[in-house]
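Numbering (my numbering), first residue to last: 92 to 468.
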């Protein structure tokens, strides 16, 4: 998409460029037909970069003016936020005037240097341009990858206690609402950043929605405690503690380990008779949304995953009987998820309860982070 798309030709030499204000306004609410937000963001970034560099140097070829550049900045911000990218922080809003680039550079010792002004624009827009280029490369690689199809829309997780009742409040917009037992889980609906979902981003989301005004450390501690309470097995708790210890070592930019995630929500039970073939395994024990767009599932299997509990004998001893059907259902669901592009790792609760379980997990997570080229503390 070319930045010239936002303009129509004027009357020749007197007005060579006329911004299509209606089109630019509409981009704040979504891309035009046949285009993506990524294409729009790249074109708007290029337009702003070139025009501010032009104003700061020879002034040739500038297409925006003081009246319409704030509109382009506002649209640019909206498109970047839809892509879950951080918008640039502008120290000026126009070219001229009290809030203009000219006033800014004169106040900051750049009056005698075109290069200094170019560097200023680069510091403001360079990180955005680089992030968009990274996202563009990810989009290109995704065409040839075997990762999950479809796009991220929401995450229902940390489910504990009574099963929540979920409805689609607005099916057109895919707006999910918990109508009963809402306090039994969390719902994340922010855009998924192109580099996956990090612990830092989860903490920022928690702060905004559940603990406004808290500092990052306090919010991280509260979120961790909330997530930990959703785990009721000792092996699962060990997985959570072992991985999250890496956050404390300076790893806030690691992918967040998200417990008790709804893979799908089936309002019917197997006994209700209202629907044949009810969906198996509604929840995943843990999910990681990695920087390479992998969706990594970690399951911890207790004996109940493959056996049925027998009544206590006369001495009160409890035994279990293997049930081939349970095992078959479990591996069939694994096959379905793998074919859908998920990466699945299973641990037996027995091996994590044995001596050395923590070391086993630590080694596994180190190898996993290396495999997916994730940052390490």
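Beta carbons are placed, not taken as given, at the ideal position from N, Cα and C, and that holds for glycine.
Q: Have a look at residue 438 and residue 279 and give me their C-alpha separation to the nearest angstrom.
A: Distance between residue 438 and residue 279, taken at the CA atoms: about 27 Å.
Q) Between residue 333 and the rest of its own chain, which residues show a CB-CB distance below 8 Å, the 5 nearest in sequence each way excluded? A) Cβ within range, chain order: 449, 452, 453 and 456.
Q: With a floor of 3 residues, list each beta strand (DSSP E) that falls wholly inside the region 364–448, ordered by position along the chain.
A: Within the region 364–448, the complete beta strand (DSSP E) segments of 3 residues or longer fall at 374–380, 386–392, 398–400, 411–413 and 434–439, listed in chain order.
Q | Rounded separation between residue 95 and residue 112 - CA only | A | Take the alpha-carbon of residue 95 and the one of residue 112: they are about 13 Å apart.
Q) On the premise that residue 99 lies in contact with residue 115, defined as a C-beta separation below 8 Å, what is that separation, rounded to the nearest angstrom? A) A Cβ-Cβ distance of about 12 Å is found for the pair residue 115 and residue 99, leaving them out of contact under the 8 Å criterion.
Q. Residues bridged to residue 191 by DSSP?
A. According to DSSP, which records beta bridges pairwise, residue 191 is partnered with 185.
Q. Leaving out five residues before and five after residue 360 in sequence, what residues of the same chain have Cβ atoms less than 6 Å from its Cβ?
A. Unreliable positioning characterises residue 360 in this predicted model, as indicated by a pLDDT of 48, which lies under 50. The coordinate reading is nonetheless provided below. Closer than 6 Å at the Cβ level, and outside the excluded window around residue 360, lies no residue.
Q. How many angstroms separate the CA atom of residue 88 from the CA atom of residue 294?
A. Given a span of 92 to 468 for the chain in the structure shown, any question on residue 88 remains unanswerable.
Q) Of the residues 185, 152 and 225, which one's Cα is nearest the Cα of residue 130? A) Ranking 185, 152 and 225 by Cα distance to residue 130 puts 225 first.
Q: Determine the closest residue to residue 290 out of 311, 281 and 340, with distance taken between C-alpha atoms.
A: That would be 311, whose Cα lies nearest to the Cα of residue 290.
Q: Write down the C-beta distance between residue 53 and residue 344 rounded to the nearest angstrom, noting that I regard them as a contact closer than 8 Å.
A: Because the chain in this structure spans residues 92 to 468, residue 53 falls outside the shown range and cannot be described.
**Q.** residue 126 versus residue 185: straight-line alpha-carbon distance, rounded
**A.** So the two alpha carbons sit approximately 28 Å from each other.
Q) Looking only at its own chain, which residues have a Cβ that is under 7 Å from the Cβ of residue 296, when we skip the five neighbours before and after it? A) For residue 296, where only same-chain residues beyond five positions count, the Cβ hits under 7 Å are 279 and 281.
**Q.** Nearest residue (CA-CA) to residue 146, options 409, 288, 206 and 337
**A.** Among 409, 288, 206 and 337, the Cα nearest to that of residue 146 belongs to 206.
Q.
Looking only at its chain, what residues have a beta carbon closer than 7 Å to the beta carbon of residue 170, apart from the 5 residues adjacent to it on each side?
A. Result list for residue 170: 118, 128, 131, 132 and 135, in chain order.
Q. Which residue comes first and which comes last in the alpha helix (DSSP H) that contains residue 161?
A. Boundaries of the alpha helix (DSSP H) around residue 161: 160–173.
**Q.** CA-to-CA distance, residue 148 to residue 142, given in whole angstroms
**A.** Each residue's Cα considered, the two are about 10 Å apart.
Q) Buried or exposed: which applies to residue 200, given that a residue is buried once 16 or more other Cβ atoms fall within 10 Å of its Cβ? A) With fewer than 16 other beta carbons inside 10 angstroms of its own, residue 200 counts as exposed.
Q | Coarse secondary structure for residue 450, derived from DSSP in three states | A | Residue 450 falls in the helix class under three-state DSSP.
(Q) Determine whether the beta carbon atoms of residue 320 and residue 251 lie at a separation below 9 Å. (A) It is a contact, given that the beta carbons lie within the stated cut-off.
Q: Sort out for me which residues DSSP pairs residue 109 with in a bridge.
A: DSSP, once it has assigned bridges, lists 99 as partnering residue 109.
(Q) Which same chain residues end up closer than 7 Å to residue 400 when comparing Cβ atoms and leaving out the 5 residues on each side of it in sequence? (A) Spatial neighbours of residue 400 in its own chain (CB-CB distance under 7 Å, excluding positions within 5 residues in sequence) are listed in chain order as 409 and 411.
Q: Might you give, ordered along the chain, the residues of its own chain that have their beta carbon closer than 6 Å to the beta carbon of residue 417, omitting 5 neighbours on each side?
A: Within the same chain, residue 417 has close Cβ partners 397.
Q: Could you check if residue 461 is buried or exposed, using at least 16 other CB atoms within 10 Å of its CB as the buried criterion?
A: By the neighbour-count rule (16 or more Cβ atoms within 10 Å), residue 461 is not buried but exposed.
Q) Grouping DSSP H, G and I as helix and E and B as strand, with all else coil, what is residue 227? A) Correct three-state label for residue 227: helix.
(Q) Ignoring anything shorter than 4 residues, give me the alpha helix (DSSP H) runs that lie fully in the region 289–330, in order along the chain. (A) Counting only runs of at least 4 residues, the region 289–330 fully encloses the following alpha helix (DSSP H) elements, listed from N- to C-terminal order: 290–301 and 307–320.
Q: Using three-state DSSP, classify residue 120 as helix, strand or coil.
A: Of the three classes helix, strand and coil, the one that applies to residue 120 here is coil, per DSSP.
Q: Measure the C-alpha to C-alpha separation of residue 235 and residue 380 and round it to an integer number of angstroms.
A: Only weak support is given to the placement of residue 235: the predicted model assigns it a pLDDT of 49, under 50, and the value that follows is read from those uncertain coordinates. Between residue 235 and residue 380, the alpha-carbon positions lie close to 19 Å from each other.
Q: Would you please state the rounded distance, in angstroms, between the beta carbons of residue 194 and residue 203? I believe it to be under 8 Å.
A: Contact between residue 194 and residue 203 does not hold, since the beta-carbon distance rounds to 16 Å and is not under 8 Å.
Q.
Am I right that residue 350 and residue 322 are in contact with their C-beta atoms under 8 Å? What's the rounded C-beta distance?
A. About 6 Å separates the two Cβ atoms, so the contact holds.
Q) Which residues does DSSP pair with residue 269 in a beta bridge? A) Note: residue 269 sits in a beta bridge opposite 257.
**Q.** Contact set for residue 227: own chain, Cβ-Cβ below 8 Å, skip 5 residues either direction
**A.** Scanning its chain for C-beta atoms nearer than 8 Å, with the 5 sequence neighbours on each side dropped, one finds around residue 227 the residues 129 and 133, in chain order.
Q. So, helix, strand or coil for residue 351, using DSSP?
A. Secondary structure of residue 351 (DSSP, three-state): strand.
Q.
Distance check for residue 407 and residue 393, CA to CA, integer angstroms please.
A. Counting only the Cα atoms, residue 407 lies some 21 Å from residue 393.
Q: Could you name the residues of the same chain whose beta carbon sits closer than 8 Å to that of residue 138, not counting the 5 residues immediately before and after it, in chain order?
A: 94, 97, 154, 155 and 163.
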